[in-house]
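*Asks:* Numbering (our numbering), first residue to last: 7 to 473.
For each residue, glycine too, the CB sits at the ideal point set by N, CA and C.
Treat the numbers as computed from the prediction; the structure is a model and nothing was measured.
Would you mind keeping the following structure in view while I ask a few things?
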Amino acid sequence: TGISKTPPCPGTRRPSIVRALVRSLARLFHCYLRRRIGVVTTAGCAGLQAARLQAVSGGMSSWGGILERMNQTRMPTHWIHRIHFPRRHYWVHKDPNERQIGGERIRRSLSSKMEVRRIISTPEDDIPDFSEVMSAARRMKGVVARTPVIESLALNALLGRRIFVKAECLQKTGTFKFRGALNRTMSLSPEEKKRGVIAFSSGNFGQGLAAAASSMNVPCTIVMPEDAPKGKQDRARLYGATVRLSPVVPGVNREVTAAKMAEDISAQKNLVLLHPFEDRNVIAGQGTVALEMAQELRETFSLEEDPEFLLVPTGGGGLVSGCVLAMRRLMPTTKIIAVEPAGYDDHRISLERGERVALEATNSGSTMDALQASAPGIRSFAINKKGLEGVIVVNDKEAREAMKIAFETLSLVLEPSGACGLAAAIAMSTKKGDNERLSDGSIAIVASGGNVGSVERFAKLMGCKQY
Numbered sequence: 007t008g009i010s011k012t013p014p015c016p017g018t019r020r021p022s023i024v025r026a027l028v029r030s031l032a033r034l035f036h037c038y039l040r041r042r043i044g045v046v047t048t049a050g051c052a053g054l055q056a057a058r059l060q061a062v063s064g065g066m067s068s069w070g071g072i073l074e075r076m077n078q079t080r081m082p083t084h085w086i087h088r089i090h091f092p093r094r095h096y097w098v099h100k101d102p103n104e105r106q107i108g109g110e111r112i113r114r115s116l117s118s119k120m121e122v123r124r125i126i127s128t129p130e131d132d133i134p135d136f137s138e139v140m141s142a143a144r145r146m147k148g149v150v151a152r153t154p155v156i157e158s159l160a161l162n163a164l165l166g167r168r169i170f171v172k173a174e175c176l177q178k179t180g181t182f183k184f185r186g187a188l189n190r191t192m193s194l195s196p197e198e199k200k201r202g203v204i205a206f207s208s209g210n211f212g213q214g215l216a217a218a219a220s221s222m223n224v225p226c227t228i229v230m231p232e233d234a235p236k237g238k239q240d241r242a243r244l245y246g247a248t249v250r251l252s253p254v255v256p257g258v259n260r261e262v263t264a265a266k267m268a269e270d271i272s273a274q275k276n277l278v279l280l281h282p283f284e285d286r287n288v289i290a291g292q293g294t295v296a297l298e299m300a301q302e303l304r305e306t307f308s309l310e311e312d313p314e315f316l317l318v319p320t321g322g323g324g325l326v327s328g329c330v331l332a333m334r335r336l337m338p339t340t341k342i343i344a345v346e347p348a349g350y351d352d353h354r355i356s357l358e359r360g361e362r363v364a365l366e367a368t369n370s371g372s373t374m375d376a377l378q379a380s381a382p383g384i385r386s387f388a389i390n391k392k393g394l395e396g397v398i399v400v401n402d403k404e405a406r407e408a409m410k411i412a413f414e415t416l417s418l419v420l421e422p423s424g425a426c427g428l429a430a431a432i433a434m435s436t437k438k439g440d441n442e443r444l445s446d447g448s449i450a451i452v453a454s455g456g457n458v459g460s461v462e463r464f465a466k467l468m469g470c471k472q473y
């Protein structure tokens with residue numbers, strides 16, 4: 007009387023009965039979830055994959071509401087994770103005020119009876135790892151430039167220690183931003199490439215994205231603050247992007263205004279909105295800077311010990327968070343320090359308080375225009391708060407002095423934002439009053455960019471009265 011392993015004969019109704027029973031149980035389960043926590047979990051694997059490509063990074067208020075509801079009903083979150091979401095945490099949340107968010111692709115991938123409006127993820131949990139940095143390096147091999155690591159005997163003698171400079175000023179488009187932009191563009195789906203992309207940028211990410219998009223025939227729009235250096239605006243246009251200028255509003259951070267304008271244009275024209283430092287593919291792409299640096303320090307310089315410090319110019323935190331992912335695996339004893347402009351030290355304040363803090367828009371500007379983010383990125387801060395040793399703040403005068411030293415000892419032209427890492431190294435290596443210099447270990451520096459704009463501006467920053 008054992009169970010037969012012979013397939014049922016044609017015409018039997020047993021498979022239909024089983025399917026009907028499974029469907030009935032599934033309906034009861036989903037109805038229970040909808041009644042208890044307002045969460046729908048009927049998207050299949052293919053649907054979730056399509057939805058993940060269109061997922062919106064924000065929505066923290068909705069995310070908090072879901073968790074609060076789960077806590078109220080005493081339903082363990084890991085229960086749903088284990089059943090439906092073994093790798094990534096995605097919820098489909100009903101919100102009548104967000105009917106157009108998510109796109110038709112998401113709605114087609116889910117049941118039309120469930121009034122799905124938006125797919126939400128938690129950026130703090132949804133962060134890249136070292137494997138994604140490696141994948142980005144393989145994906146971009148032969149397209150992105152492998153910039154050199156430079157050591158100058160004159161600079162070593164000047165600072166009294168070994169200094170290794172990763173010259174990202176020699177990268178295509180003049181900054182490291184091309185890496186993250188290219189990796190993100192390569193990750194677009196065919197449908198997204200047809201729609202085109204849009205991003206806000208103070209200049210460098212815009213140039214990088216314009217070049218990456220044009221190389222793949224993807225329409226590209228860049229929103230820049232109207233006070234962004236004209237050279238950066240012209241270069242983005244030269245690479246094929248449509249440049250829109252956002253107004254500078256007194257009392258409002260200029261990148262906040264540009265981001266809002268980009269979001270509005272994205273909604274109006276159905277463009278894919280890309281974030282310059284929040285996107286996980288951008289962070290992974292930027293992490294290839296430290297990946298290459300660690301490899302070259304081992305292979306070319308035969309460095310047996312890890313550098314004591316890695317100094318990284320920091321705005322929203324995409325570059326330094328990518329460097330944390332790579333260095334924690336390849337050179338785990340290196341202390342990673344973010345370097346920020348005076349007045350735009352959002353990472354320093356956020357790390358001291360243990361949470362992301364947005365700066366008040368009362369700053370008078372800085373020559374380090376590429377590092378004027380108003381707050382750390384959600385994903386980047388989730389990485390940086392665990393991986394950073396600290397933050398050093400430098401002013402415009404120190405950045406200009408570092409530009410001069412880079413030109414004289416390294417034969418590199420750096421913009422103020424790209425020179426702030428070297429400025430921090432100079433500050434660390436100099437005795438100030440009764441304060442002793444900070445150790446004598448070697449320092450690795452990311453010279454993040456060299457888009458000064460023009461010879462005239464470079465001469466002006468160097469203090470030349472006439473050119």
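Exposed or buried, Gln177, counting other C-beta atoms within 10 Å across all chains shown (16 or more means buried)?
*Replies:* buried
*Asks:* At 4 residues or longer, and completely inside the region 265–351: list those alpha helix (DSSP H) runs for me, N to C.
*Replies:* 286–292, 294–305, 324–336
*Asks:* Look at the alpha carbon of Gly148 and the alpha carbon of Val278, and state the distance between them as a whole number of angstroms.
*Replies:* 26 Å
*Asks:* Between Ala242 and Ala216, how many whole angstroms is the CB-CB distance? I'm expecting something under 8 Å.
*Replies:* 5 Å
*Asks:* Would a C-beta distance cut-off of 9 Å place Arg354 and Glu346 closer than the cut-off?
*Replies:* yes
*Asks:* Looking only at C-alpha atoms, which of Glu314, Met140, Pro225, Ser460 sits nearest to Gly448?
*Replies:* Before going on, a small fix: residue 448 reads as Ser here, not Gly. Nearest of Glu314, Met140, Pro225, Ser460 to Ser448, Cα basis: Glu314.
*Asks:* In terms of residues, what are the limits of the beta strand (DSSP E) holding Val400?
*Replies:* 396–400
*Asks:* In chain order, what residues of the same chain have a beta carbon less than 7 Å from the beta carbon of Gly405, not counting five sequence neighbours either side?
*Replies:* Checking the sequence shown, residue 405 turns out to be Ala, not Gly. Counting only Cβ-Cβ distances below 7 Å, and skipping sequence neighbours, we find Thr373, Met374, Pro422, Ala425, Cys426, Ala429.
*Asks:* If you pair each beta-carbon of the region 330–340 with each one of the region 305–322, do three or more pairs fall below 8 Å?
*Replies:* yes
*Asks:* Rounding to the nearest angstrom, what Cα-Cα distance links Gly291 and Pro225 in this structure?
*Replies:* 21 Å
*Asks:* So which of Val139, Arg144, Ala163 has the shortest CA-CA distance to Thr415?
*Replies:* Ala163
*Asks:* Across which residues does DSSP place Leu188 in a beta bridge pair?
*Replies:* Its beta-bridge partners do not exist; DSSP assigns none.
*Asks:* Starting from the C-beta of Pro92, find all residues in its chain whose C-beta is less than 8 Å away, skip the five residues before and the five after it, and write them out in chain order.
*Replies:* Summary for Pro92: the model assigns pLDDT 34, below 50, so the residue's position carries little reliability, and this model does not support an answer.
*Asks:* Quick one, which of Ser386, Gly214, Val461 has its alpha-carbon nearest Ser454's?
*Replies:* Selected option, being the one with the closest Cα: Gly214.
*Asks:* Just mark Gln274 as buried or exposed, buried being the case when its beta carbon has 16 or more other beta carbons within 10 Å.
*Replies:* exposed
*Asks:* Do Met296 and Ala205 have their CB atoms nearer than 9 Å?
*Replies:* Position check: residue 296 holds Ala in this sequence, whereas Met was assumed. Here Ala296 is not near Ala205, since their CB atoms are 9 Å or more apart.
*Asks:* If you drop the 5 nearest sequence neighbours on each side, which residues of the same chain put their C-beta closer than 7 Å to that of Lys391?
*Replies:* Leu357
*Asks:* In the DSSP assignment, the beta strand (DSSP E) including Asp252 goes from what residue to what residue?
*Replies:* Rather than Asp, the amino acid found at residue 252 in this sequence is Ser. Residues 248–252.
*Asks:* Is there a Cβ of chain C sitting closer than 9 Å to that of Leu194, yes or no?
*Replies:* Absence of chain C from the displayed structure is noted, only one protein chain being present.
*Asks:* Count the other CB atoms within 10 Å of the CB of Thr227; is the residue buried (16 or more) or exposed (fewer)?
*Replies:* Under this definition Thr227 is a buried residue.
*Asks:* Report the option in Gly371, Thr179, Asn401, Ile384 whose CA atom is closest to the CA atom of Pro231.
*Replies:* Gly371
*Asks:* Measure the CB-CB distance between Val452 and Phe182 and report whether it falls below 9 Å.
*Replies:* yes
*Asks:* Based on the DSSP output, what are the partners of Gly455 in its beta bridges?
*Replies:* According to DSSP, residue pairing for Gly455 in a beta bridge involves Thr181.
*Asks:* Closest to Ser380 by CA distance: which of Thr191, Arg190, Ala264 is it?
*Replies:* Ala264
*Asks:* Would you list the residues sitting across from Met230 in a DSSP beta bridge?
*Replies:* Leu251
*Asks:* Which residue from Tyr245, Lys266, Ser158, Gly328 puts its Cα closest to that of Ser252?
*Replies:* Lys266
*Asks:* Considering just the uninterrupted stretch of the beta strand (DSSP E) at Val203, what are its terminal residues?
*Replies:* 203–206
*Asks:* Exposed or buried, what is Ala412 when buried is set at 16 or more other beta-carbons lying within 10 Å of its beta-carbon?
*Replies:* Ala412 counts as buried, since at least 16 other C-beta atoms from the protein chains shown sit within 10 angstroms of its C-beta.
*Asks:* What does DSSP give as the partner residue(s) for Lys172 in the beta ladder?
*Replies:* Val155, Val452
*Asks:* Under three-state DSSP, which class holds Cys470?
*Replies:* Coil.
*Asks:* To the nearest whole angstrom, what separates the beta carbons of Arg286 and Ile133, a pair I think is in contact under 8 Å?
*Replies:* 7 Å
*Asks:* Within the continuous alpha helix (DSSP H) that includes Asn259, where are the two ends?
*Replies:* Counting along the chain, no alpha helix (DSSP H) covers Asn259, and no H or E run does either.
*Asks:* Given Thr153, which residues of its chain have a CB within under 6 Å of its CB, disregarding the five upstream and five downstream residues?
*Replies:* Cβ within range, chain order: Ala173, Glu174, Leu176, Gln177.
*Asks:* If you run the structure through DSSP and keep just helix, strand and coil, what is Ala142?
*Replies:* helix
*Asks:* Taking the alpha helix (DSSP H) that Ala364 falls in, what are its first and last residues?
*Replies:* Here Ala364 belongs to no alpha helix (DSSP H), and DSSP marks it neither H nor E.
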